[in-house]
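*Asks:* Next up is a structure, given as structure tokens.
There are 2 protein chains.
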Amino acid sequence: MTGTLYGLGVGPGDPELLTLKALRLLRACPVVAYPAPDTGQSFARSIASGYLSAEQTEYPIVVPMRIERFPAQDIYDVAARDLSRVLQDGQDVAVLCEGDPFFYGSFMYLYERLAGRFPCEIVPGVSSVMAGAAALGRPLAARNDVLTVIPGPLPDSEISDRLAAADAVAIIKIGRHFKRIRTLLEREGLTGSAGYLERISLAQERILPLAEAEGSAPYFSMILVYKGAENWITNLPVESSQIAANVSERAS
Amino acid sequence: MTGTLYGLGVGPGDPELLTLKALRLLRACPVVAYPAPDTGQSFARSIASGYLSAEQTEYPIVVPMRIERFPAQDIYDVAARDLSRVLQDGQDVAVLCEGDPFFYGSFMYLYERLAGRFPCEIVPGVSSVMAGAAALGRPLAARNDVLTVIPGPLPDSEISDRLAAADAVAIIKIGRHFKRIRTLLEREGLTGSAGYLERISLAQERILPLAEAEGSAPYFSMILVYKGAENWITNLPVESSQIAANVSERAS
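What follows is the structure, given as structure tokens:
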């Protein structure tokens, strides 16, 4: 009897946004793994820390921040080897995944190494994109809108093409690409209908109209763009120019 | 003191995929509203039914199935008027939303009528798209993939254009459009890399390679398409042709 590998979505940051299923399985697993930077806290662990017990064995998968966007595959080779021993011993392993495990998550690097050899179960989680729309107080997509999720690291030309073809857009992984993407959206005339969000659902959450967002952005930041006459925004009582008002209310 | 309107995401179907926050607020609200068909059960209510108490007042928002895709706005005018009385009396109202409240949900029709007049809080939920990828055992999007969510009711030409521009694709609201979309994907040579899913996370869940999916599809069905050399599927130990194998394992 080998153990089962669980990929648990722990949501965007608020520990209360874990699902009942993720919490049950997290508490039941003797071994808990999670991605961790070489310096500082693991975000995934910080979300679930209140649910961990001293009896559980923790296994941080240390991914140096500087290569986070281009993970060194040997890190996951080592982690998969270590965790496969645990699974081989018949112990279940919970892997904590920020947001949803299969939505741009690093869990896939473990999954692709272990899925063929051990039973795996993925518990979907609340993604930062849905949490972002909730925090902004504006529907992400409605009716027959096409929703496009665009990673910020893509080149300008590609982002522009995707923007042109979409109704609702979430640009994720903004981080060091913030200034470039902000300039791009300004050029496209979309600044007024875009909201900037960082640390969604956490105490340090920041939500601003893109026009008011300045300086640098953390890796886990996002821009939601609401465009197109067919888009829901035209059906709301408030205009997109009033995102600012909503935001200041939230801030007060 | 007026009451607060809560839009609670109850997830794709499995009651255990509610978040801790949604459950807490659901139990705390004296009034619980949800969309309901004119005949048969409310799906949103069925997901949360185990958490409801006899002390709570239920308010079904009856939307005839035949117009579900083009909701009659007067239905929401009436519901908003009724619920605004409750909120005016200082009672909190929980609105149960399948999946995530702001991801193609009908909650927005209430929200756009009440958000300006009463405090509102949206609790994001697990969307069927994330749950679908988890059920299929295949990451939805990875690295710098562009993820596009396409509503099935859109015309062929538009769906084809969006397919051409995307890396990962979720086609939702398949329902009566199933045969047309299946033919379209066949024409695009994508049948082999597409999975068909219905009633995700429920006991009656059906997951099949698109090539094996036949007959009619319920409204809450979905097709996930994995295309493009840049896409994650090339990095998994199993090939897309083996979705069938995964599926039969799941079925057994």
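From first to last, the protein sequence lines stand for chains A and B.
Residues 1 to 252, numbered by full-length UniProt numbering, are exactly what the first sequence covers, in order.
Residues 1 to 252, numbered by full-length UniProt numbering, are exactly what the second sequence covers, in order.
Cβ coordinates follow ideal geometry from the N, Cα and C atoms, glycine included.
In this text, all values refer to a predicted model and were calculated from it rather than measured experimentally.
1. Could you check whether the Cβ of Leu20 (chain B) sits closer than 7 Å to any Cβ belonging to chain A?
2. In the region 13-76 of chain A, which residue ranges form an unbroken beta strand (DSSP E) of at least 3 residues, counting only runs that do not cross its ends?
3. Should Val169 (chain A) be flagged as near chain B, meaning a C-beta pair shorter than 7 Å?
4. Could you say which of B:Ile223, B:Gly116, B:Leu202 lies nearest to Leu184 (chain B) if we only look at CA atoms?
5. Would you please verify whether the beta carbon of Val146 (chain A) is less than 7 Å from any beta carbon of chain B?
6. With Met1 (chain A) as the anchor, note down where its beta strand (DSSP E) starts and where it stops.
7. If you compare alpha carbons, which of A:Ala165, A:Asp74, A:Gly9, A:Ile207 is closest to Val62 (chain A)?
8. Residue range of the beta strand (DSSP E) that Arg206 (chain A) falls in?
9. If you measure from the beta carbon of Ile159 (chain A) to each beta carbon in chain B, is any gap under 7 Å?
10. For a contact defined as C-beta to C-beta under 7 Å, what are the partners of Ser42 (chain A) on chain B?
11. So which residues on chain A does Glu16 (chain B) lean against when the C-beta distance must stay under 8 Å?
12. Quick one: is Ala229 (chain B) near chain A, going by C-beta distance under 7 Å?
13. In whole angstroms, what separates the C-alpha of Ala194 (chain B) from that of Met130 (chain A)?
14. Please state whether DSSP places Glu186 (chain A) in a helix, a strand or coil.
15. Quick one: Cα of Pro218 (chain B) to Cα of Thr57 (chain A), how far?
16. At a Cβ threshold of 7 Å, is Asp92 (chain B) touching chain A?
17. Tell me whether the region 119-139 of chain A and the region 43-58 of chain A touch, counting them as touching only if at least three CB pairs, one residue from each stretch, are closer than 8 Å.
18. Check whether the Cβ of Phe220 (chain B) lies closer than 7 Å to any Cβ atom in chain D.
19. Where do the ends of the beta strand (DSSP E) carrying Tyr196 (chain A) lie?
20. Run through DSSP, which three-state label would residue 253 (chain B) get?
21. Under the assumption that Gly3 (chain B) contacts Asp77 (chain B) (Cβ atoms under 8 Å), give the Cβ distance between them as a whole number of angstroms.
22. Leu87 (chain B) and Glu34 (chain B) - do their beta-carbons sit closer together than 7 Å?
23. List the residues that DSSP assigns as beta-bridge partners of Ala141 (chain A).
24. Expressed to the nearest angstrom, what Euclidean distance is found between the alpha-carbon atoms of Gly54 (chain B) and Gly125 (chain B)?
25. In whole angstroms, what separates the C-alpha of Asp161 (chain B) from that of Asp145 (chain B)?
26. Taking the CB atoms as reference points, tell me whether Ile181 (chain A) and Ser221 (chain A) lie closer together than 7 Å.
27. Compare the C-beta of Tyr6 (chain B) with all C-beta atoms of chain A and state if any pair is closer than 7 Å.
28. So which residues on chain B does Gly215 (chain A) lean against when the C-beta distance must stay under 8 Å?
29. Have a look at B:Glu198, B:Leu190, B:Leu210, B:Gln204 and flag the residue whose alpha-carbon is nearest the alpha-carbon of Lys227 (chain B).
30. Do Thr19 (chain A) and Thr19 (chain B) come within 7 Å of each other at the CB atom, strictly closer than that value?
31. Would you tell me roughly how many angstroms separate the C-alpha atoms of Tyr109 (chain B) and Thr39 (chain A), rounded to the nearest one?
32. Inspect the beta-carbon positions of residue 258 (chain A) and Ala72 (chain A) and report whether they are closer than 7 Å.
33. Taking all protein chains shown into account, decide if Asp14 (chain A) is buried (16 or more other Cβ within 10 angstroms of its Cβ) or exposed.
34. If we ignore side chains and look at the alpha-carbon of each, how far apart do Leu23 (chain B) and Arg176 (chain A) end up?
35. Give me, in chain order, the residues of the same chain whose beta-carbon lies closer than 7 Å to that of Ile122 (chain A); leave out the 5 immediate sequence neighbours on both sides.
36. Within 7 Å (strictly less), CB to CB, does Met108 (chain A) reach chain B?
*Replies:* Concretely, from the data shown:
1. It does: the Cβ of Leu20 (chain B) has a partner Cβ on chain A nearer than 7 Å.
2. Secondary structure within the region 13-76 of chain A: the beta strand (DSSP E) runs of 3 or more consecutive residues, fully enclosed, are 31-36, 57-62 (chain order).
3. It does not; no Cβ of chain B falls within 7 Å.
4. The candidate whose alpha carbon is nearest that of Leu184 (chain B) is B:Ile223.
5. Yes, Val146 (chain A) counts as interfacial toward chain B.
6. For Met1 (chain A), no beta strand (DSSP E) segment is defined, and its DSSP state is neither H nor E.
7. Of A:Ala165, A:Asp74, A:Gly9, A:Ile207, the residue nearest in Cα terms is A:Asp74.
8. Where Arg206 (chain A) is concerned, the enclosing beta strand (DSSP E) stretches over 206-209.
9. Taking 7 Å as the CB threshold, Ile159 (chain A) stays off the interface with chain B.
10. Chain order gives no chain B residues near Ser42 (chain A), where near means a beta carbon separation below 7 Å; the closest approach is about 20 Å.
11. Here the neighbours are Thr19, Leu20, Lys21, Arg24.
12. For Ala229 (chain B), the pLDDT reaches just 36, beneath the cut-off of 50, and the residue's location in the model is therefore unreliable, leaving the point undetermined.
13. Using only the alpha carbons, I get a separation of about 24 Å.
14. In the structure shown, Glu186 (chain A) sits in a helix (DSSP, three-state: H, G or I).
15. Straight through space, the alpha carbons of Thr57 (chain A) and Pro218 (chain B) are spaced by roughly 44 Å.
16. Not an interface residue.
17. Segments in contact, no.
18. Checking the listed chains, one finds no chain D in this structure; the protein chains it contains are A and B.
19. For Tyr196 (chain A), the uninterrupted beta strand (DSSP E) run begins and ends at 194-198, by DSSP.
20. Because chain B is modelled from 1 through 252, residue 253 (chain B) falls outside the range shown and cannot be assessed.
21. Incorrect: roughly 19 Å between the Cβ atoms, too far for contact.
22. The sequence as given places Tyr at residue 34 (chain B); Glu does not occur at that position. Contact flag unset, no.
23. In DSSP, Ala141 (chain A) forms a bridge with B:Phe103.
24. Note on identity: in this sequence residue 54 (chain B) is Ala, with Gly being the wrong assignment. Using only the alpha carbons, I get a separation of about 25 Å.
25. Approximately 17 Å, taken between the alpha carbons.
26. Contact: no.
27. Not one chain A Cβ lies under 7 Å of Tyr6 (chain B).
28. Result: empty, since nearest Cβ-Cβ is about 24 Å, beyond 8 Å.
29. When each option's Cα is compared against that of Lys227 (chain B), the closest is B:Leu190.
30. In contact: Thr19 (chain B) and Thr19 (chain A) (Cβ atoms closer than 7 Å).
31. Looking at the two C-alpha atoms, the distance is approximately 46 Å.
32. Chain A is shown only over 1 to 252; residue 258 (chain A) falls outside these bounds and no answer can be derived.
33. Asp14 (chain A) should be labelled buried.
34. Those two C-alpha atoms are separated by around 37 Å.
35. Hits under 7 Å: Gly7, Pro101, Phe102.
36. Yes, Met108 (chain A) lies at the interface with chain B (some Cβ there is under 7 Å from its Cβ).
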